[in-house]
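This report concerns only the one structure given below.
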Amino acid sequence: LVKLSPHFRARLDDEFGKSIFENAAAAESDTEFSTLFRGLCIKTNNNSNSFIGFNFNDASLSGARFTNKLVLYYTVSDTVKREYTYFLNSKTINTILHDKQSSKLSMALKDTLISSMESYIEGLGGSSTKVLFDDLSLLKTKIINQVILEFSVADLSTSLGYSPPTQILALREKDGKMVFIEDFNRIIGSGLTAVKNILGGNPEIQSDGTSVYKINITNHIKSYLSGDISDPSIILSTSNSSENPKKAIIYGPHHATKPMKLRIIYTEK
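Numbered by the working numbering, the letters in the sequence shown go through residues 2 to 270 in order.
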């Protein structure tokens, strides 16, 4: 009896096995085998709203007695049963497709009034929220002490079962790319605890059960007011969005009861 950790096991078509077995060159050369067998595409065929992670990076899982392998079972002379094992490497590609048709997100993308009341944030290449600031010119005559962007998770997000992302980051556009705002640049590398304590961006549960995010964008706004950057708008995204499937619906600035807010602490010059 051999005990294995939870793993995925699937029988492939016999014709696929024959194509490998009958290719003599592939049996003698790793290069020829890689040309013949380019890999496998593993995907779900239902709408279970769930993810399964496969670990191809742990070398201990790729040995003969372990799980990351392709096994060819065959019979010799109708009596002798044998098997040949091909070990799998860690080259994997994740492909995520987002179907927005007939969704509230699809309607929000077409109507700025809807998106000003509810907006959407989703990892794995999903949607981000862009926040525009109409007029910050009045702040140019003030000494800025602190600027906090505050927004709440919508009731709809909770009712749909979306647990709030553990961290939401503030980015900006620079030369066609997304980069951290100045506040994040100054603190990156100091650890997650420092990011939460100084920059915020983690959900805070209120007495009514609402999750509220507060993000420190002080230096970003100062950079705009001093002319170091020309556009003060920011993009809200989940942390580690290329691997993080978390999503949230948040209230925008025109929501009737819980609007997005910009809290500014300043001193008169």
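Ideal placement from N, C-alpha and C gives every residue a C-beta, glycine not left out.
Q. Over what stretch of residues does the beta strand (DSSP E) that includes Asp130 continue unbroken?
A. Here residue 130 is Thr; the residue named in the question, Asp, does not match the sequence. Where Thr130 is concerned, the enclosing beta strand (DSSP E) stretches over Thr130 to Val132.
Q | Nearest residue (CA-CA) to Val132, options Tyr74, Leu106, Leu98 and Pro233 | A | Pro233
**Q.** Buried versus exposed call for Arg173 [16 or more other C-beta atoms within 10 Å across all chains shown]
**A.** Around the C-beta of Arg173, 16 or more other C-beta atoms lie within 10 Å, and the residue is accordingly described as buried.
Q: Determine the direct distance from the alpha carbon of Phe34 to that of Leu200, and round the result to whole angstroms.
A: 51 Å
(Q) Buried or exposed for Leu237, going by 16 or more other Cβ atoms inside 10 Å? (A) buried
**Q.** Cα-Cα separation between Gly126 and Lys178, rounded to whole angstroms
**A.** 14 Å
Q: Report buried or exposed for Tyr74, applying the criterion of at least 16 other Cβ atoms within 10 angstroms of its Cβ.
A: exposed
Q: Count the CB pairs spanning the segment 217–230 and the segment 115–123 that are closer than 8 Å, and state whether there are at least three.
A: Taking a cut-off of 8 Å for Cβ pairs, the segment 217–230 and the segment 115–123 do not touch, as fewer than three such pairs fall below it.
Q. Assuming Lys259 and Ser153 make a contact with CB atoms under 8 Å, what is their CB distance in whole Å?
A. 4 Å
Q) How should Phe185 be labelled, buried or exposed, when 16 other C-beta atoms within 10 angstroms of its C-beta is the threshold for buried? A) buried
Q | Whether Leu71 touches Tyr87 by CB criterion (7 Å) | A | yes
Q. Shorter than 7 Å from the beta carbon of Ile169 to some beta carbon of chain B?
A. Of the protein chains in the structure, only one exists, and it is not chain B.
Q | Beta-carbon proximity list for Phe225, same chain, < 6 Å, skipping 5 on both sides | A | The question names Phe, but residue 225 is Tyr in the sequence shown. Excluding positions up to five away in sequence, the list reads Pro233.
Q. If you compare alpha carbons, which of Gly202, Glu23 and Gly228 is closest to Asp15?
A. Glu23
Q. So Gly124 packs on Pro246, CB below 8 Å; how close in whole Å?
A. 5 Å
Q: Report the option in Asn146, Ser242 and Asn69 whose CA atom is closest to the CA atom of Glu269.
A: Asn146
Q.
Between which two residues does the alpha helix (DSSP H) holding Arg83 run?
A. Careful: Arg83 lies outside any alpha helix (DSSP H), inside the beta strand (DSSP E) at Val81 to Phe88.
**Q.** According to DSSP, residues forming a beta bridge with Phe152
**A.** Answer is Tyr214, bridged to Phe152.
Q: Go to Ala257, then tell me how far its beta strand (DSSP E) extends in each direction, as first and last residue.
A: It is not in any beta strand (DSSP E) - Ala257 carries neither H nor E in the DSSP assignment.
Q | Selected residue, minimal CA-CA separation from Val148, among Ile21, Ser129 and Ile265 | A | For Val148, the nearest C-alpha among the options comes from Ile265.
(Q) Please list the terminal residues of the continuous alpha helix (DSSP H) segment that includes Lys19. (A) Asp15 to Phe22
**Q.** From Asn69, Phe17, Asn46 and Ala28, residue whose alpha carbon lies closest to that of Pro7
**A.** Asn69
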